[in-house]
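Here the structure comes first, spelled out in structure tokens, and everything after it is commentary.
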């Protein structure tokens with residue numbers, strides 16, 4: 250199961266737990282039912298996961314069993330692209346949570362937006378909101394909580410770091426291997442114009458002349474645009490930008 254990659258296996262816990270896990274599980278399931286949300290809880294002490302699936306708007310994506318993710322959904326998560334990317338993202342998330350555990354910092358969380366299907370009739374994208382839910386008195390991460398939410402994401406999976414105190418969002422850049430401020434990932438006027446003109450079938454030479462930039466600068470601009478939209482080609486970029494209401 251892909252979500253097993255979120256387990257942190259090398260932590261050393263005390264013999265006696267700080268928290269009554271059964272009471273915690275009961276309370277979380279009750280809240281999930283009342284609030285009609287879907288959650289996955291990962292207990293790093295026991296290396297067990299628990300599903301509380303009550304968001305009916307997601308049943309077509311993750312199944313309708315209240316305590317299980319469907320086999321069909323797990324197969325979608327295990328596609329070659331998702332498997333590799335999610336493994337990398339989960340590794341980054343766990344590293345951050347372990348490093349932050351020294352301060353028991355619960356003022357950050359991560360989100361991953363990913364596309365699971367291609368149906369037109371209903372949403373096929375999903376957001377995973379992953380947060381460090383409970384630390385022990387020893388400052389070990391006991392519980393990670395993953396909340397499933399609907400998403401309108403198009404393109405490759407996108408990882409974001411949310412800093413609550415600073416009210417900032419940072420997006421993971423796969424080319425540099427760093428998180429950058431989300432504002433830097435917004436499309437510029439030139440990038441939007443490149444997409445618009447490309448969609449009209451204009452060649453690169455004409456576009457570069459219209460925007461008063463060299464052909465080399467145009468190509469660099471397109472490379473940055475692809476990274477922002479998490480796509481590999483201009484046709485994908487046009488499609489994603491259109492779906493996001495940018496064109």
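Numbering (this note's numbering), first residue to last: 250 to 496.
Note that the Cβ used here is the ideal one computed from N, Cα and C, for glycine as well.
Keep in mind it's a predicted model, so treat the numbers as computed, not measured.
- If you compare the alpha carbons of 491, 311, 423 and 412 with that of residue 324, the shortest gap goes to 311.
- No Cβ-Cβ contact shorter than 8 Å links residue 377 with residue 346.
- Taking residue 356 as the centre and dropping the five residues before and after it, the same chain places the C-beta of 412, 413 and 414 closer than 8 Å to its C-beta, in chain order.
- Ranked by Cα distance from residue 391, the first of 295, 484, 253 and 318 is 295.
- The distance from the Cβ of residue 441 to that of residue 456 is about 12 Å, inconsistent with a contact at the 8 Å cut-off.
- Fully enclosed alpha helix (DSSP H) runs of no fewer than 4 residues occupy 438-448 and 453-459 of the segment 421-474, in order along the chain.
- For residue 282, the closest C-alpha among the options 365, 316, 428 and 423 is that of 316.
- Counting only the Cα atoms, residue 348 lies some 10 Å from residue 342.
- By alpha-carbon distance to residue 262, the top candidate from 402, 444 and 385 is 385.
- Cβ contact annotation for residue 319 (same chain, cutoff 7 Å, sequence separation greater than five): 311 and 312, in chain order.
- The straight-line gap separating the alpha-carbon atoms of residue 292 and residue 379 is approximately 13 Å.
- For residue 283, the enclosing alpha helix (DSSP H) covers residues 270-284.
- In the three-state DSSP reduction, residue 382 falls in the strand class (E or B).
- Under the criterion of beta carbons closer than 8 Å, residue 399 and residue 334 do not qualify as touching, at roughly 20 Å.
- Here residue 279 is exposed. Its C-beta has fewer than 16 other C-beta atoms within 10 Å.
- In the structure shown, residue 388 falls within a coil segment according to DSSP collapsed to helix, strand and coil.
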